[in-house]
Amino acid sequence: MTARRLTAFIDALVAGRRPDPYQADPDDVEVLRAAIALRAARPGDATPDDEFVAGLYESLAEESSPSVASNVRPLRMRRTRAAIIGVAASIALVGATVGTTEALSNGATTSSAIQAPHGKILRTASFETAQGHALGQIVVYGGTPGWVFMNVDVPTAASTVKCELRMMDGSVVAAGTVDLHHGTGVLSKKIRVDTSRLQGATLYGPSGSVVASATFS
Amino acid sequence: MFPAPKATARRSRSDSDRTDIARLRVVDADSYTDWESVYRDNVARLYRLMYARVGNRPDAEDLTSEVFRTALGPLRLASSKGEVRSYLLVTAQTVLASHWRRTLGVSVTSIDPESDLDALTESSGPEDVGDAPQRAGKILAALPERYRRILELRFLEACSIKEAAHTMAISVNNAKVLQHRALRMAAKVGLELEL
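First to last, the protein sequences are chains P and F. Each residue of the first sequence is one higher than the last, beginning at 1 in my numbering. Each residue of the second sequence is one higher than the last, beginning at 1001 in my numbering.
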């Protein structure tokens, strides 16, 4: 029984979920410690979400003095809304491109029109550096299948950046790798996640360092 | 609950400079002026320390929140930055110990306010990922190839057990057994290397 609970605990760690409590055997301790040490080395989660930092700040400010709450501004809430609107406006075109790209990459022999996504199932966000510089946009479409589109402009000599999607339960899903040409690149890909549960996305450089992150509104 | 940022009172110069001078407090360059600066300066580093101790984001966020909620009340801003960080670490030590008692009944990881002080100092940048990659690298380097590979796939590359099994061209059951044995050996290595 304990072995099964230990396995479940480790599976949750690997998936980025909060592990369920259980009465651990003292023999489990070293294994759990090793699992935590390995999991803590995965790029991405070691940096706090902007949303968490801003949310805790607001909550602490409210607890300290209700009168202060109205003056509290989230630490970082800047959005390049115009750019997002531009990306969202090109959705129909992109949707068709994605449909075609996916069909080609999957070796499909027939092509079918992809329905342009509706506003309610589109979610958008801007990629920003820790210093607040906008580096691109991401749009997800929550259809069947869902898909993700992003464009980035990264001041780096690297030829690729990797993108991971963060779910609200803390788990992480790989979105893919963006090939860069002179720092710019786009990625469009089919995704199999519940896009309504998406919290944000993070771009990583080849060394695993965080390049920029985005939080869906 | 704790010293909140106060609105600056508008007063005319006729209130006399003497009154103003009497209200001024000498602010040491090495101290915090308000709770907000304590929070902004330490939240990312404290989160990262907690994340390295629990290995998952939801728990790391909850524990970081608990540390600030507990510590900011009795906090004395007249203390130096070093003293404030030590106080945050002592609080974090208690919060983490209580977390393990509550969830597993045994202490799995801990925080030492002295040896972990570097994690909260300026030398550790907010974007710094800490020493976790080095620690994991040492453990993995000491493992046989197949053990290392299954742990890399699962813990570093976020593969499901099915994906890891597929990549290694083994069955899912074999992948589970391999992971179990690899973790046991990793635990032994961690103990030997005192990581």
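Yeah, the Cβ is synthetic: ideal placement off N, Cα and C, and Gly gets one too.
- Comparing alpha-carbon positions, the option among 150(P), 201(P) and 129(P) lying closest to residue 170(P) turns out to be 201(P).
- Taking the C-beta atoms as reference points, residue 1150(F) is found no nearer than 8 Å to residue 1117(F).
- Within chain F, not a single residue places a beta-carbon under 8 Å from that of residue 127(P); the smallest gap is close to 15 Å.
- Between the alpha carbons of residue 215(P) and residue 1188(F) lies a distance of about 40 Å.
- Taking a contact as a CB-CB distance under 8 Å, the pair residue 132(P) and residue 152(P) does not count as one, their CB atoms being some 16 Å apart.
- Beta-bridge partners assigned by DSSP to residue 149(P): 139(P) and 188(P).
- Ranked by how close their Cα comes to the Cα of residue 205(P), the residues 196(P), 162(P) and 180(P) have 162(P) in first place.
- In terms of beta-carbon proximity, residue 1190(F) lines the interface with chain P, with at least one pair separated by less than 8 Å.
- Distance between residue 187(P) and residue 1158(F), taken at the CA atoms: about 20 Å.
- At a cut-off of 8 Å between C-beta atoms, residue 1061(F) counts as an interface residue with respect to chain P.
- The beta carbons of residue 175(P) and residue 190(P) sit no closer together than 8 Å.
- Those residues of the segment 21 to 40 of chain P placed with their C-beta closer than 7 Å to a C-beta in chain F are 21, 22, 23, 24, 26, 29, 30, 31, 32, 33, 34, 35, 36, 37, 38, 39 and 40, ordered along the chain.
- The Cβ neighbour count for residue 146(P), taken over all protein chains shown within 10 Å, is at least 16; the residue is labelled buried.
- Here the segment 39 to 57 of chain P makes no contact with the segment 1093 to 1100 of chain F; the two share fewer than three CB pairs at distances below 8 Å.
- Of the candidates 164(P), 203(P) and 49(P), the residue whose Cα lies closest to the Cα of residue 155(P) is 203(P).
- Neighbourhood of residue 1074(F) in chain P, by CB distance below 7 Å: empty, with the nearest CB roughly 13 Å away.
- DSSP, read as helix, strand or coil, puts residue 200(P) in strand.
- Non-local beta-carbon contacts of residue 47(P) in its own chain, meaning distances under 7 Å to residues more than five positions away in sequence, involve 210 in chain order.
- The three-state secondary structure of residue 182(P), taken from DSSP, is coil.
- In the three-state reduction of the DSSP assignment, residue 1076(F) falls in the coil class, being assigned neither a helical nor a strand state.
- Residue 1139(F) has its alpha-carbon roughly 14 Å from the corresponding atom of residue 42(P).
- Per DSSP, residue 213(P) is not a residue of any alpha helix (DSSP H); the beta strand (DSSP E) it occupies stretches across 210 to 215.
- In the displayed model, residue 1171(F) falls within coil according to three-state DSSP, outside both helix and strand.
- A distance below 8 Å separates the beta carbons of residue 213(P) and residue 127(P).
- Boundaries of the beta strand (DSSP E) harbouring residue 161(P): 160 to 167, taken from the DSSP string.
- Bounds of the alpha helix (DSSP H) holding residue 38(P) are 28 to 39.
- For residue 47(P), the secondary structure class from DSSP, reduced to helix, strand or coil, is coil.
- Apart from the 5 residues on each side of it in sequence, residue 1170(F) sits with its Cβ closer than 8 Å to the Cβ of 1178 in its chain, given in chain order.
- Legend: CB atoms of the segment 1155 to 1176 of chain F lying less than 9 Å from CB atoms of chain P belong to residues 1155, 1156, 1157, 1158, 1159, 1160, 1161 and 1176.
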